[in-house]
Amino acid sequence: MKKLLLNVVAALLTVCGMSALASMSPAAYADGAYYCVATNTYVSDLSECDTFADNPSNKADLMGVVNTIINVIIGIVGFVAVIMMIMGGISFITSQGDSAKVTKARNTILYGVVGLVVALLAFAIVNFVLKSVFSAE
46 MKKLLLNVVA
56 ALLTVCGMSA
66 LASMSPAAYA
76 DGAYYCVATN
86 TYVSDLSECD
96 TFADNPSNKA
106 DLMGVVNTII
116 NVIIGIVGFV
126 AVIMMIMGGI
136 SFITSQGDSA
146 KVTKARNTIL
156 YGVVGLVVAL
166 LAFAIVNFVL
176 KSVFSAE
């Protein structure tokens, strides 16, 4: 049981480490640049970014908020799907040939893959719909 717990912790740390690498900042941040939402550009000083100006891109604030909320929810669903696949793999390895445990582990992996595919499709569909709805101004 102790070994299984250590394997689960190691798998979680690996997934968390990989997600931290995937979310690293772009190269523009290496030069001390900041991302200006109002102009969709990188600036060296935040005072150059006039976020309260009468900018047409400010009309997309609602889209940005909705998009962020939906993407976070879909990201959590995707993360849970990956964790379920990892847990299914661990269960598969530790099933010791017991057919009931093997079937349960395979189903867990299958449901994790289906969940991940659904999350990716949802991400693509939501972003496509939001961009098409908010860009038709």
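Per my numbering, the sequence shown starts with residue 46, numbered consecutively. Using N, Cα and C, we set each Cβ at its ideal position, and we do this for glycine too.
Does the Cβ of residue 150 have 16 or more other Cβ atoms within 10 Å, making it buried, or fewer, making it exposed? Position 105 of the sequence shown, counted from the first residue, corresponds to residue 150. Residue 150 comes out buried.
Straight-line Cα distance separating residue 117 from residue 35: Nothing in the structure corresponds to residue 35, since the chain is present only between 46 and 182.
Extent of the continuous alpha helix (DSSP H) run through residue 144: For the purposes of this step, residue 144 is identified with residue 99 of the sequence shown, where counting begins at 1. Its alpha helix (DSSP H) spans residues 144 to 180.
Tell me which same chain residues have a C-beta within less than 7 Å of the C-beta of residue 153, skipping the five on either side of it? Your numbering for residue 153 matches position 108 in the sequence shown. Shown here for residue 153: same chain residues with a beta carbon closer than 7 Å to its own, the five before and five after excluded, namely 129, 132, 133, 136 in chain order.
Spatial neighbours of residue 55 within its chain, please: C-beta separation below 6 Å, excluding the five flanking residues on both sides. Position 10 of the sequence shown, counted from the first residue, corresponds to residue 55. The answer is none, since no qualifying residue turns up.
Euclidean distance between Cα positions of residue 173 and residue 147: As a working note, residue 173 is residue 128 in the sequence shown. As a working note, residue 147 is residue 102 in the sequence shown. For residue 173 and residue 147, the gap between their C-alpha atoms comes out near 39 Å.
Nearest neighbour of residue 125, chosen from 145, 165, 141 [CA to CA]: In the sequence shown, the residue the question calls residue 125 occupies position 80. Checked all of 145, 165, 141; the closest Cα to residue 125 is 165.
Would you tell me roughly how many angstroms separate the C-alpha atoms of residue 47 and residue 143, rounded to the nearest one? To locate residue 47, count along the sequence shown from 1; it is residue 2. To locate residue 143, count along the sequence shown from 1; it is residue 98. Approximately 21 Å between the Cα atoms of the pair.
Determine, for residue 174, whether the minimum Cβ-Cβ distance to residues of chain C falls below 9 Å. No chain C appears in this structure, which consists of one protein chain only.
Check the C-beta distance from residue 204 over to residue 119 and give it rounded, since I have them as a contact under 8 Å. The structure shown has nothing for residue 204, since the chain only spans 46 to 182.
Rounding to the nearest angstrom, what Cα-Cα distance links residue 176 and residue 114 in this structure? The residue labelled residue 176 in the question sits at position 131 within the sequence shown. The residue labelled residue 114 in the question sits at position 69 within the sequence shown. Going from the Cα of residue 176 to the Cα of residue 114 covers about 15 Å.
Where the alpha helix (DSSP H) through residue 139 begins and ends: Counting from 1 along the sequence shown, the entry for residue 139 is found at position 94. Counting along the chain, residue 139 falls outside any alpha helix (DSSP H), and DSSP gives it neither H nor E.
Just how far apart, CA to CA, sit residue 49 and residue 141? Translated into the one-based positions of the sequence shown, residue 49 becomes position 4. Translated into the one-based positions of the sequence shown, residue 141 becomes position 96. Straight-line Cα distance between these residues: approximately 13 Å.
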